[in-house]
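Student:
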Amino acid sequence: MSTLRPWLDCCREEASAQAEAEARSLWRLPPEAVIPFNHRWEHVQDVVSLARWLVRQTGADTLTLEAAAWLHDVRKMEPRHAIAGANAARQILAKTDFPPARTDAVCDAIRKHEGMFRPPNASPLEPLEAA
Numbered sequence: 000m001s002t003l004r005p006w007l008d009c010c011r012e013e014a015s016a017q018a019e020a021e022a023r024s025l026w027r028l029p030p031e032a033v034i035p036f037n038h039r040w041e042h043v044q045d046v047v048s049l050a051r052w053l054v055r056q057t058g059a060d061t062l063t064l065e066a067a068a069w070l071h072d073v074r075k076m077e078p079r080h081a082i083a084g085a086n087a088a089r090q091i092l093a094k095t096d097f098p099p100a101r102t103d104a105v106c107d108a109i110r111k112h113e114g115m116f117r118p119p120n121a122s123p124l125e126p127l128e129a130a
């Protein structure tokens, strides 16, 4: 019998590992070198903070929004990273205690976060977590 990992720990670890790999690639650093600044990790943490604020302001689903925030750039270095990230998020969350009924919403939010341009008078996104 396998034990599912805590989803939040797993999401943080995946986001951190991706951010570190991206930073090492961009800075052209060997594994033992200290990363001078990790833009991606700072960005992901800012997105998570914003997601938590949005939950408080709007009543959006906490688990969905926070999981999507941690994982939204988990495949940032790949072409069409939002689609690749949504697919990766599904696999990552399946190995955790994240509620399976919410996985589709997480993946939908991640898939929709790239290349989205909305006209000024557009109606709100549905579901709210996709915003």
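Under numbering that gives the first Met the number 0, residues 0 to 130 are what the sequence shown spells out, in order.
In this text, a Cβ means the ideal position worked out from N, Cα and C, and glycines have one as well.
#1: Residues in its own chain within less than 6 Å of TRP6 by CB, not counting five upstream and five downstream?
#2: Among residues of its own chain, excluding the 5 on either side of ALA18, which ones have a beta-carbon nearer than 7 Å to its beta-carbon?
#3: Would you kindly work out how many angstroms separate the C-alpha atoms of ASN120 and THR63, rounded to a whole number?
#4: Apart from the five residues on each side of it in sequence, which residues of its chain come closer than 6 Å, Cβ to Cβ, to HIS112?
#5: DSSP three-state call for THR95: helix, strand or coil?
#6: State buried or exposed for VAL131, treating a residue as buried only when at least 16 other CB atoms are found within 10 Å of its CB.
#7: Taking 8 Å as the cut-off, decide whether the C-beta atoms of ALA22 and VAL47 are in contact.
#8: Could you tell me which residues DSSP puts in a beta bridge with ARG4?
#9: Taking only three categories from DSSP, how would you classify GLY114?
Tutor: Reading from the atomic positions:
#1: Counting only Cβ-Cβ distances below 6 Å, and skipping sequence neighbours, we find THR95, ASP96, PHE97.
#2: So the list reads ASN37, ARG39, TRP40, VAL43, once near-sequence residues are dropped.
#3: Distance between the alpha carbons of ASN120 and THR63: 26 Å.
#4: The beta carbon of HIS112 sits closer than 6 Å to those of HIS71, ALA81, all from its chain and outside the five residues before and after it, given in chain order.
#5: Reduced to three states, the DSSP call for THR95 is strand.
#6: Since the first residue of the chain shown is 0 and the last is 130, residue 131 is not available in this structure.
#7: No; because the gap between Cβ atoms is not below 8 Å, this pair is not in contact.
#8: Answer by DSSP bridge pairing, in chain order: THR95.
#9: Collapsing the DSSP output to three states places GLY114 in coil.
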